[in-house]
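Participant: Every letter in the sequence shown is one number past the one before it in our numbering, and letter 12, counting from 1, is 750.
Glycine included, each C-beta is placed from N, C-alpha and C at the ideal position.
If you're wondering where the values come from, they're calculated on a predicted model, not measured in any experiment.
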Amino acid sequence: MTVTGLAVSAVTGFITKNWFAAIGGFFAGMIFLNVAAGVIGLS
């Protein structure tokens, strides 16, 4: 999931040239995935 998130944020940053949004979105996505995994019981 981490590699996918990095790839998505890299593509987003490259296309939009908005690296702050791409990096912020990546960290927000990682936090969301960690919380969701904890709620579901995967972690």
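Less than 8 angstroms separating the beta-carbons of Ala760 and Gly751?
Facilitator: Within the sequence shown, the letter at position 22 stands for residue 760. Within the sequence shown, the letter at position 13 stands for residue 751. The answer is yes: Cβ separation under 8 angstroms.
Participant: Going by other Cβ atoms of all chains shown within 10 Å of its Cβ, with 16 needed for buried, is Phe765 buried or exposed?
Facilitator: As a first step, residue 765 is located in the sequence shown; it is residue number 27 there, counting from the start. Counting Cβ neighbours within 10 Å, Phe765 comes out exposed, since fewer than 16 surround it.
Participant: DSSP three-state call for Asn756: helix, strand or coil?
Facilitator: As a first step, residue 756 must be located in the sequence shown, where it is residue number 18. Coil at Asn756, not helix or strand.
Participant: Gly762 by DSSP, collapsed to three states: which one?
Facilitator: Taking the first residue of the sequence shown as position 1, residue 762 is located at position 24. It is helical.
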